[in-house]
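Colleague: Everything in the sequence shown is counted per the working numbering, starting at 15 for the first residue and increasing by one.
Every residue, glycine too, gets a C-beta built ideally from N, C-alpha and C.
Predicted, not measured: the structure shown is a model, and the values here were computed from it.
Dropping the structure in here first, questions after.
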Amino acid sequence: MARSCLSIADINDSDVSRLFFAARKFKTEGFSQHQHRFSVVTLFLEPSTRTRMSFQMAAYKLNGTCFDFDKDTSSLKKGESLEATIENIACLNPDLLIMRQSETLDRDFLAGIDIPVINAGDGMNEHPTQALLDCFTLCETFRAKDLQGKKILFVGDLMRSRVFNSNVKLLKRMGAQVATIGSASQPVDKIYPSFDVIDQEFDAVMVLRKQKERALASTHEIFTECLTGEHLARLGQSCFLLHPGPVMLKEDIEPTLFSHERTLILEQVRNGLFIRAALLQHCLGG
Ligand code: CP
């Protein structure tokens, strides 16, 4: 049965276990092209490097063909609506549609198009595949099947981040305790008003880029400090550093932290390939 993944809520707990198992198998044993041929359309209306490329690479490695929709040479330029564009693409019968856009995806509309859809990031709403690969990376790092009792701190733009929204929901389901510096768009276990008042060690800290391309309500403040080696040391000698990318060096993190021994940033990208391959199989009904 083909399945969509528009939100992290569309992936239940046993799906998460199965996806992590499949991703670990791809990572340790490689890709066997046992999958029947399939076609995927990547319809990205916002820039992307990691998400788009890892979906394309995952499709290729599973014996699929990826067709990349180019908004700048498409009939969107002539004024065709996005809904009509999707309906027309659906008539060409791809097996899967992968979408990124600056607005929340319209679940009701997409339910009517008869092709499974994966959300590759929609505005300030969700980025479910990022949450899956981040939690997978943490489980691998801690050599654990879940994140029971792990303490995760988020810093950065917590009001506009779709990565934060999906991550908090999945982290909590996996047993983690989530804290933030400054207000956030999702309920968390603890909010620190500033870095100076942090009174405990953390297992991981995730830094989130300032989403300058999205408007911020003037009443909200975000942590604008760049995370330094000194900050990381204060979070404990076993605190790992994550960032979903793209990383703004000197703005989000001090440049030397990018290659710190406890930095998982490129490991997150590596794992994105395996998790997205597992999700392609899941959504195609494999
Ligand atoms: N993390 C993430 O979504 O990166 P891209 O915008 O490059 O896809």
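#1: Roughly how many angstroms lie between the CA atoms of residue 137 and residue 61, to the nearest whole one?
#2: Between the alpha carbons of residue 35 and residue 93, how many angstroms are there, rounded?
#3: Go through the residues and name those whose CB comes closer than 7 Å to any heavy atom of ligand 2, in chain order.
#4: Can you name, in chain order, every residue of its own chain whose Cβ lies under 8 Å from the Cβ of residue 238, other than the five neighbours on each side?
#5: Should residue 15 be labelled buried (16 or more other beta-carbon atoms within 10 Å of its own) or exposed?
#6: Measuring only the C-alpha atoms, how far is residue 142 from residue 169?
#7: Given that a residue counts as buried once 16 or more other Cβ atoms are within 10 Å of its Cβ, and exposed if not, what is residue 123?
#8: Among residues of its own chain, excluding the 5 on either side of residue 29, which ones have a beta-carbon nearer than 7 Å to its beta-carbon?
#9: Kindly confirm or deny that the region 15-27 and the region 255-263 touch, where touching means at least three C-beta pairs closer than 8 Å.
#10: Relative to the C-alpha of residue 112, which candidate in 148, 161 and 72 has its C-alpha closest?
#11: Which residues bound the alpha helix (DSSP H) around residue 253?
#12: Give me the residue from 241, 298 and 286 with the minimum Cα distance to residue 270.
#13: Alpha carbons only, please: which of 200, 110 and 214 is nearest the one belonging to residue 250?
#14: On the DSSP letters alone, give me the boundaries of the beta strand (DSSP E) that residue 165 sits inside.
#15: How long is the line joining the alpha carbons of residue 275 and residue 247, rounded to whole angstroms?
#16: Is it true that the region 116-136 meets the region 145-164, where meeting means three or more beta-carbon pairs spaced less than 8 Å apart?
#17: Under 8 Å between the Cβ atoms of residue 195 and residue 216?
#18: Expressed to the nearest angstrom, what Euclidean distance is found between the alpha-carbon atoms of residue 192 and residue 151?
#19: Distance check for residue 254 and residue 88, CA to CA, integer angstroms please.
#20: Which residue's Cα is closest to the Cα of residue 77: 68, 102 and 50?
#21: Taking the alpha carbon of residue 212 as the point to measure from, which residue in 118, 165 and 228 has its own alpha carbon closest?
#22: In this structure, what does DSSP give as the bridge partners for residue 79?
#23: Measuring alpha carbon to alpha carbon, tell me which of 105, 121, 130 and 147 ends up nearest residue 37.
#24: Name the one or two DSSP bridge partners that residue 222 has.
#25: Excluding the 5 residues preceding and the 5 following residue 22 in the sequence, name in chain order all residues of the same chain whose CB lies nearer than 7 Å to its CB.
#26: Does residue 127 come out as helix, strand or coil in the three-state DSSP assignment?
#27: With 8 Å set as the bound, which would you pick, yes or no: does the beta-carbon of residue 150 sit closer than that to a beta-carbon of chain C?
#28: Between the alpha carbons of residue 304 and residue 54, how many angstroms are there, rounded?
#29: Where does residue 121 land, buried or exposed, given buried means 16+ other C-beta within 10 angstroms?
Modeller: Taking the geometry as given:
#1: 12 Å
#2: Within the model, the alpha-carbon separation for residue 35 versus residue 93 is close to 44 Å.
#3: No copy of ligand 2 appears in this structure; the ligands present are ligand 1.
#4: By the criterion of a C-beta distance shorter than 8 Å, residue 238 is surrounded in its chain by 224, once the five residues flanking it on both sides are discounted.
#5: exposed
#6: 19 Å
#7: exposed
#8: 296
#9: Segments in contact, no.
#10: 72
#11: Counting along the chain, residue 253 falls outside any alpha helix (DSSP H), and DSSP gives it neither H nor E.
#12: Sorting 241, 298 and 286 by C-alpha distance to the C-alpha of residue 270 places 241 at the top.
#13: 214
#14: 165-170
#15: Cα to Cα, the separation comes out at about 12 Å.
#16: No, the region 116-136 is not in contact with the region 145-164.
#17: no
#18: Their backbone Cα atoms lie some 16 Å apart in a straight line.
#19: Going from the Cα of residue 88 to the Cα of residue 254 covers about 42 Å.
#20: 50
#21: 165
#22: 53
#23: 147
#24: 170
#25: Correct list, in chain order: 140, 142, 145, 180, 183 and 184.
#26: coil
#27: Among the protein chains of the structure shown there is no chain C, as only one such chain exists.
#28: The shown model of the chain, from 15 to 300, leaves out residue 304, and the question about it has no answer.
#29: That one is exposed.
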